[in-house]
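Taking it in order: structure first as structure tokens, then the write-up.
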Amino acid sequence: MDYGLDGNMRINVAESQLQIDSVTVATENTDFDDSQIGMLELEIENLSLELEEEKRKSSGQQAECAKHLQELEDADRELFHCQTALQESEGKLANAQVEIRDKNEELTDAEEELMQCRQRVGELEQQIEHITERNQEEAQINEVKAVKPESELEESRKQCAQQGSLGQQQTPALDQINELLQETLEEQARLMIHTKALEDQVETLRRELQIVQNEAANKTEEMDVLRSYLRGSGQRKSKSERDPRETETEMERNLMIRDSMIGRYTHQIEELQVKARRIPQLASQLSKYESLHATLTSQRAALASDMETSTKAFEQKESEMRCRMLKLESTLSSSEAKNVAMKSAYQKEICDVKASKNALEQEKKKTARRLAELESKNKTLARDVKQREGTQKALEEAKRTLEKRVSDLEKVRAQQRSSLGIVFCVDLSGSLHGNPERLAKDAFRNLINNLCVEVPDAHEVAYIEQAISTVSGETGIDRRVILGMIMQESQGNVCVYTTCSADDVRNAGLMQSHIEVSFDLNNAEQSILQMVRDGVQGTPFGDGLVQALD
1 MDYGLDGNMR
11 INVAESQLQI
21 DSVTVATENT
31 DFDDSQIGML
41 ELEIENLSLE
51 LEEEKRKSSG
61 QQAECAKHLQ
71 ELEDADRELF
81 HCQTALQESE
91 GKLANAQVEI
101 RDKNEELTDA
111 EEELMQCRQR
121 VGELEQQIEH
131 ITERNQEEAQ
141 INEVKAVKPE
151 SELEESRKQC
161 AQQGSLGQQQ
171 TPALDQINEL
181 LQETLEEQAR
191 LMIHTKALED
201 QVETLRRELQ
211 IVQNEAANKT
221 EEMDVLRSYL
231 RGSGQRKSKS
241 ERDPRETETE
251 MERNLMIRDS
261 MIGRYTHQIE
271 ELQVKARRIP
281 QLASQLSKYE
291 SLHATLTSQR
301 AALASDMETS
311 TKAFEQKESE
321 MRCRMLKLES
331 TLSSSEAKNV
341 AMKSAYQKEI
351 CDVKASKNAL
361 EQEKKKTARR
371 LAELESKNKT
381 LARDVKQREG
391 TQKALEEAKR
401 TLEKRVSDLE
411 KVRAQQRSSL
421 GIVFCVDLSG
431 SLHGNPERLA
441 KDAFRNLINN
451 LCVEVPDAHE
461 VAYIEQAIST
471 VSGETGIDRR
481 VILGMIMQES
491 QGNVCVYTTC
501 SADDVRNAGL
511 MQSHIEVSFD
521 LNNAEQSILQ
531 MVRDGVQGTP
541 FGDGLVQALD
């Protein structure tokens, strides 16, 4: 539905919809009717406008073809993007599998580390048992050192030292403790040897002093015996005067005995004097040895306290190792839980990737179907373009025919003016002769059949026909006029594109009404009826067919 330059409404109808069977030119004795010539001029103008409209539609269809080609290119690009996304998803899946393998390896390493820690704890417990056994052996050695020979005691100490060195080599974690224990054992052994030697020397000196004292007592007793003998010899001297010969012999014997005894006693006295001179020196040495013994005793107590401290430190380290083992076990359990959670997350991600892959495949299939549909539409549009070109040629031919008729009518009019009493008229009887109402219905049915050719959906054609009948009864507008307007504006396509006028007003629906409803697939019948009503009765934003005819 268009408006001409003079403001009047123009109704464009295709040549196939016009049924003019014949034009009869008659000459009568009346004046020529100028309305017939005006009608022909109006038809010529309508045909020219229709030709321009067909040109615009052809250009629009060409633009639509270009648009569909662009959609095909976009679909190709979208398909390429889908393939790229699919490849990326496959790469992510492979990376996820690699990460799962890495996590499994880390879990295996953690389990091996836990086993090593357990082995180290077992070794530490064995070392503790060895140290306890060594301490017991040292205690036994200290208890039996008085009764054992020195060689056996030295061998026992060497065995203890060898056991200590072997215990030192068992684990690098206790090197410092083992070194301290080894040094302590060596120092204790050295001090014990030194103490034993000093005790032996003291005992020897005591024995020598006792011997000297005993010898002094013996010498004193001998001196007493000698004095008693001298007294007895004096008494015997008095008796010897009575017996000089016996007395002289006895005296000589006694003198010899006395001289020998005096020499022996003199030698013993000299020895005793020498030993007596050594007594202060031995006493000082004894005091030194006693102080050294006290020092060794204090050192032994300090070593015992150091051993206790070392044992406590070792127990503390053992407790720390156990705490560390518990922490490692808790870390392993947490890592196992994390691994399980990560596996579930990776499984979920794999499922998502598979789902996205399936979605991409479905999208690819939809794109292929859309591509096929667009190609079929493109072929249909190309066929429509060819049909429009044929229609355009037919319209140009009809225009030339009408121009020829107008020129003929002008000639007849000129002749009529020259000769009075001749009247020209157009005979529109033709196929309408006899029963105009039935023929009008036939014409409407022919238009409906043409609409069926344009719109293959029988339901949509039935809804359009019913809506035209309803609105025609409501407004009194001929059904053919309404149907012709629908054919002109949308070719009966309920899904026709919404157009915009020069002032950016949106025209929608079958009759391109101003800013009103379009086709609703969920309510096809009512939406088609409302589109026909908007086009005939008008909208608040623009006039309809009723206002144009008024």
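Quick note on the UniProt record's numbering: the sequence shown kicks off at 1 and runs consecutively.
Note that the Cβ used here is the ideal one computed from N, Cα and C, for glycine as well.
Remember, predicted model here, so these are calculated numbers, not experimental data.
A direct Cα-to-Cα measurement between Leu49 and Glu474 gives close to 30 Å. DSSP places Gly509 in the coil class of the three-state scheme, outside both helix and strand.
Leu545 sits close to Val536, with the two beta carbons spaced by under 7 Å. Phe519 is positioned such that its CB atom lies closer than 7 Å to that of Cys495. Assignment of Thr498 by DSSP, reduced to helix, strand and coil, places it in the coil class. Within 10 angstroms of the beta-carbon of Ser284 lie fewer than 16 other beta-carbons, which makes it exposed. The DSSP-derived three-state label of Gly544 is coil. CA-CA distance, Asp259 to Glu271, rounds to 18 Å. Only buried fits Asn46, as 16 or more other CB atoms lie within 10 angstroms of its CB.
Per the coordinates, the alpha-carbon of Glu308 lies some 15 Å from the alpha-carbon of Glu318.
Looking only at Phe541, Gln547 and Glu460, the smallest Cα-Cα distance to Ser527 is reached by Glu460. Sixteen is the threshold: since fewer than 16 other Cβ atoms of the shown chains lie within 10 Å of the Cβ of Met115, the residue is exposed. About 5 Å separates the beta carbon of Glu54 from that of Gln392, a gap short enough to meet the 8 Å contact definition. For Asp384, same chain residues with a beta-carbon under 7 Å away, outside a window of 5 residues either side, are Gln61 in chain order. Under a 10 Å Cβ-count criterion, Gly476 is classified as exposed, with fewer than 16 other Cβ atoms of the shown protein chains found around its own Cβ. Boundaries for Gln491: no alpha helix (DSSP H) harbours it, and the DSSP string shows neither H nor E there. Thr309 has no beta-bridge partner at all, per DSSP.
Ile477: not part of any alpha helix (DSSP H); DSSP gives it neither H nor E. Per the coordinates, the alpha-carbon of Thr380 lies some 45 Å from the alpha-carbon of Glu349. In this structure, the alpha-carbon of Glu525 lies about 29 Å from that of Asn378. Bounds of the alpha helix (DSSP H) holding Asp534 are Ala524 to Gln537.
Around the beta carbon of Leu255, a 10 Å sphere encloses fewer than 16 other beta carbons of the protein chains shown; the residue is thus reported as exposed. In this structure, DSSP gives Phe314 a helical state, which the three-state scheme calls helix. Annotated as proximal: Arg479 and Ser472, with beta-carbon spacing under 7 Å. The beta carbon of Gln466 sits closer than 8 Å to those of Glu525 and Leu529, all from its chain and outside the five residues before and after it, given in chain order.
Cys351 and Glu361 have their alpha carbons spaced roughly 15 Å apart. Note that the C-beta distance between Leu374 and Glu43 is not below 7 Å.
Taking Met321 as reference, the option from Gly542, Glu137, Ile193 and Gly122 with the minimal CA-CA separation is Gly122.
With a beta-carbon spacing of about 6 Å, Met511 and Met485 fall inside the 8 Å limit used to define contacts. With fewer than 16 other Cβ atoms inside 10 Å of its own Cβ, Asn522 counts as exposed.
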